[in-house]
Amino acid sequence: MARWPMRVPEGVWHRDDVVEALESRDISRLLVLIRRYAGYSQTDLSVVTGIAQGRISEYMRGVRQPTLDTIERIATGVRMPPDCRCRLGLAPARSCG
1 MARWPMRVPE GVWHRDDVVE ALESRDISRL LVLIRRYAGY SQTDLSVVTG
51 IAQGRISEYM RGVRQPTLDT IERIATGVRM PPDCRCRLGL APARSCG
């Protein structure tokens, strides 16, 4: 179970496999990696994103592709850093610089 408020450890965002998932916009892989490295459950991800747990499961299994709005909700929910948002193709809270 995650500690609240949910924070993915900073080092996770700069792991090669996470960067690759971000740059390829592979949300399924990204969610799996966040679970693996940060220890969050699908329920934790559901709570912080406001997305149903069953839908999180579908995204993780690649059964369903998230919309851009949903990707934004995931990024916001897991408090994705601005540079990682840029890698994912999202607008950051501040410049990608």
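The opening position of the sequence shown corresponds to residue 1 in full-length UniProt numbering, with each subsequent residue numbered one higher. Here a beta-carbon is modelled for each residue, glycine too, at the ideal position from N, C-alpha and C. Because the structure is a prediction, the values reported are computed rather than measured.
Ordered along the chain, which non-local residues of its own chain (more than five positions away) have a Cβ less than 7 Å from that of residue i?
i, result
"residue 38", "8, 9 and 12"
"residue 59", "27, 28, 31 and 66"
"residue 73", "49, 50 and 51"
So is residue i buried or exposed if we call it buried at 16+ other beta carbons inside 10 Å?
i, result
"residue 107", "No information on residue 107 is available, as it lies outside the stretch 1 to 97 that the chain covers here."
"residue 18", "buried"
"residue 117", "Residue 117 is absent from the model: the chain starts at 1 and stops at 97."
"residue 88", "buried"
"residue 66", "buried"
"residue 44", "buried"
"residue 85", "buried"
"residue 68", "exposed"
Assuming residue i and residue j form a contact by the criterion Cβ under 8 Å, report the distance between their Cβ atoms to the nearest whole angstrom.
i, j, result
"residue 48", "residue 78", "6 Å"
"residue 80", "residue 40", "Residue 80 to residue 40, Cβ: 13 Å. No contact."
"residue 24", "residue 42", "That belief does not hold up - the Cβ atoms of residue 24 and residue 42 are roughly 22 Å apart, past 8 Å."
"residue 61", "residue 55", "That pair is no contact at about 11 Å."
Threshold first: 3 residues or longer. Then list the beta strand (DSSP E) segments lying entirely within the region 30 to 66, N to C.
none
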